[in-house]
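What follows is a single structure, written as structure tokens, with notes after it.
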Amino acid sequence: MRSHLLNDTTAERYRRSVTEGIERVAAKLATTDRPFTGVTVDALAPRIEQIDLDRPLHDTSAVLDELEEVYLRDAIYFHHPRYLAHLNCPVVIPAVLGEAVLSAVNSSLDTWDQSAGGTLIERRLIDWTNGRIGLGPAADGVFTSGGSQSNLQALLLAREEAKPGSGPGDNAAKLRIFASEVSHFSVKKSAKLLGLGADAVVSIPVDHDKRMQTLALAHELERCERDGLIPMAVVATAGTTDFGSIDPLPEIAELCSRFGAWMHVDAAYGCGLLASLKNRDRIEGIERADSVTVDYHKSFFQPVSSSAVLVRDAATLRHATYHAEYLNPRRMVQERIPNQVDKSLQTTRRFDALKLWMTLRVMGADGIGELFDEVCDLAREGWKLLVADPRFDVVVEPSLSTLVFRFIPAAVTDPAEIDRANLYARKALFASGDAVVAGTKVGGRHYLKFTLLNPETTVDDIAAVLDLIAGHAEQYLGESLDRAS
């Protein structure tokens, strides 16, 4: 079995095995003509369940053949131009190369003696991102597993900074977090994980464009102060999951300053604007944040996972610091040994920063920004299509690359029946494999959603998928009418 260990004696076997795997994936990418096969859980589950994991095949080619049957054939391919559903981007080749390198070398980014140059590369990328945001010379941060973890860590820091001794205990019940009603669910989840009460997160209404209403925020902050509560943090969103909307960051920054609240910007989606060539001004005010979440695996075209939490004041990261004698004893701080575990909620951690490093060194930031600008432009063209099409009701003009809309039949007025038609259309489209779209609720009603993150998607693709949606919805309504008659 030692022949399977990756080392100096097996380097050639490693090369052959990985090359064969890459060739299989490359062939699949080259021949995939739709984003999904439409396979069902009931069809796929028995194939996987019947595999006896205690009886290995002992042959890489045979395992790859099997993998084709249980995974590659029926995977959902985000690179296809008609995958329009969630915040999943097609990935750039330099990042995939970085993924291959980091997996093989397998550095762990918790301590210097497990990563060496990896530590310095991650730190350099944190500095680069902070420079793009404009957080200032004292800024710092660390890579994370994703936006939810980044938001959790940011709110942990905010909790500890809110008031001396305001961790879980007597003062915890007084802490309040303010976030818009369309903010990410991880805000409420983080509050629970941090030991705060169910009422700790105050939901702020949004305007017609799905942006936080700052007047309502001001009123809630005033009420918080009046009631003797502690405004722990305001979470502004730069790119909401459902709408791509961007909260009014400068106004929120002013209110945070006035009421002494920590300002966190969840830019997991909108961080692509940091590299934008023409839309950077849409996140003006982000430089005033105390902390920022960025997901490079959403709008920097990186493989999952690649995320970071950034902070204005590096000293605040001490709230996540613990020292273990076997790993990062306190003496290492005096010896100026850079251990990233001192800043992180994780211990063992992948060298995910390498993917972004490879991307920047091959493509440059302008290359990333150009791709993200393309999908933002595409969303605007898609919005024009929807506005001009009487079959659809579109919710809001896009700020980034998301379109939320609903099929509205000419002859049906029952909102519940229209809901069912839209739900059916989404499911039927997914089952066909011709396209993949997402769904959400707006005002209690079912809507459909395009999240456009693929520069290869065209206006013609959008128009074609809209026709498919209308066709499926009309088929449902016709069958529903036949059943009723």
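Quick note: the sequence shown uses our numbering, first residue 45, plus one each step. Note that CB positions come from ideal geometry on N, CA and C, so glycine has one too. Predicted model only: the values in this text are computed from it and were never measured.
Could you spell out where the alpha helix (DSSP H) holding residue i opens and where it closes?
| i | result |
| --- | --- |
| D437 | From DSSP, D437 is part of no alpha helix (DSSP H) but of the beta strand (DSSP E) over 436-438. |
| A70 | 55-75 |
| F303 | 293-303 |
| I137 | 137-149 |
According to DSSP, simplified to helix, strand and coil, what is residue i?
| i | result |
| --- | --- |
| L510 | helix |
| M256 | strand |
| D157 | helix |
| M407 | coil |
| G82 | coil |
| M45 | coil |
| I290 | strand |
| Y520 | helix |
| L429 | helix |
| L108 | helix |
| L97 | coil |
| L128 | strand |
| T285 | coil |
| S210 | Model confidence at S210 stands at a pLDDT of 46, short of 50, so the residue's coordinates are unreliable; what they give is reported in the following sentence. In this structure, S210 counts as coil in the three-state DSSP scheme. |
| A119 | coil |
| S179 | The residue you asked about is not Ser; residue 179 is Leu in the sequence shown. Coil at L179, not helix or strand. |
Let's see if you can read the secondary structure: which residues bound the beta strand (DSSP E) around residue i?
| i | result |
| --- | --- |
| G191 | From DSSP, G191 is part of no beta strand (DSSP E) but of the alpha helix (DSSP H) over 191-206. |
| T281 | 274-281 |
| D271 | Here D271 belongs to no beta strand (DSSP E), and DSSP marks it neither H nor E. |
| V114 | V114 -> no beta strand (DSSP E), and no H or E assigned at all. |
| T188 | 184-188 |
| D310 | 306-311 |
Who are the Cβ neighbours of residue i in its own chain at under 6 Å, not counting the five residues just before and after it?
| i | result |
| --- | --- |
| Y340 | Q346, S350, L400 |
| G241 | A217 |
| P125 | N498, E500, T501, D505 |
| I412 | A319, F344 |
| V439 | V448, V486 |
| I170 | G185 |
| A475 | G82 |
| T68 | One detail in the question is off: residue 68 reads as Arg in this sequence, not Thr. Here the set comprises L108. |
| L273 | K218, R220 |
Can you find the residues in the same chain that come closer than 8 Å, C-beta to C-beta, to residue i, ignoring five residues on each side of it along the sequence?
| i | result |
| --- | --- |
| V231 | N195, L199, I221, A223, V245, V279, D310 |
| E64 | T104, S105, L108 |
| R489 | R450, P459, I462, D463 |
| G483 | N466, L467, R470, H490, Y491, L492, K493 |
| A262 | L299 |
| I120 | P79, F80, Y127, V480 |
| I95 | E110, V114 |
| E269 | P275, F303 |
| G408 | none |
Within its chain, find whatever has a CB closer than 7 Å to the CB of residue i; leave out the 5 residues flanking it on each side and keep chain order.
| i | result |
| --- | --- |
| L473 | A479, V481, L512, I513, H516 |
| E225 | S247, I248, P249, V250 |
| I330 | I177, A282, L293, V309, A311, V336 |
| V415 | In the sequence as displayed, the identity of residue 415 is Leu instead of Val. For L415, where only same-chain residues beyond five positions count, the Cβ hits under 7 Å are F345, P499. |
| V385 | D154, T155, L371, N372, T391 |
| K322 | D417 |
| P212 | Low local confidence applies: a pLDDT of 49 at P212 is under 50, so the model's placement there is unreliable, with the coordinate-based value given in what follows. Correct list, in chain order: G239. |
| S443 | G288, S289, I290, R326 |
| V353 | G185, V186, T188, S194, Q197, A198, S335, T337 |
| E166 | L153, F187, Q384, A397 |
| L49 | none |
Assuming residue i and residue j form a contact by the criterion Cβ under 8 Å, report the distance between their Cβ atoms to the nearest whole angstrom.
| i | j | result |
| --- | --- | --- |
| L371 | T155 | 6 Å |
| G185 | V348 | Actually they do not touch by this definition, with Cβ atoms about 19 Å apart. |
| D286 | V503 | With a Cβ gap of about 22 Å, D286 and V503 do not count as contacting. |
| L201 | T360 | 5 Å |
| A508 | L429 | Not really, about 11 Å apart at Cβ, beyond 8 Å. |
| L265 | F303 | 5 Å |
| M307 | I296 | 7 Å |
| F122 | P134 | 6 Å |
| T403 | L131 | Actually they are not in contact, since the Cβ atoms of T403 and L131 sit about 18 Å apart, beyond 8 Å. |
Spell out whether any CB of chain D is found under 8 Å from the CB atom of residue i.
| i | result |
| --- | --- |
| S224 | This model lacks chain D altogether, as it is built from one protein chain only. |
request  = Could you tell me which uninterrupted beta strand (DSSP E) segments, each at least 3 residues in length, are contained entirely in the stretch 436-512, listed from first to last along the chain?
outcome  = Listed in chain order, the complete beta strand (DSSP E) runs (minimum 3 residues) inside the stretch 436-512 are 436-438, 446-451, 480-486, 489-495.
message = Runs of 4 residues minimum, wholly inside the stretch 318-400: which ones carry the alpha helix (DSSP H) assignment?
response = Runs of the alpha helix (DSSP H) inside the stretch 318-400: 340-343, 375-378.
message = As an exercise, report each continuous alpha helix (DSSP H) stretch of at least 4 residues that is fully enclosed by the stretch 217-253, in chain order.
response = Within the stretch 217-253, the alpha helix (DSSP H) runs of at least 4 residues that lie entirely inside it are, in chain order, 230-237.
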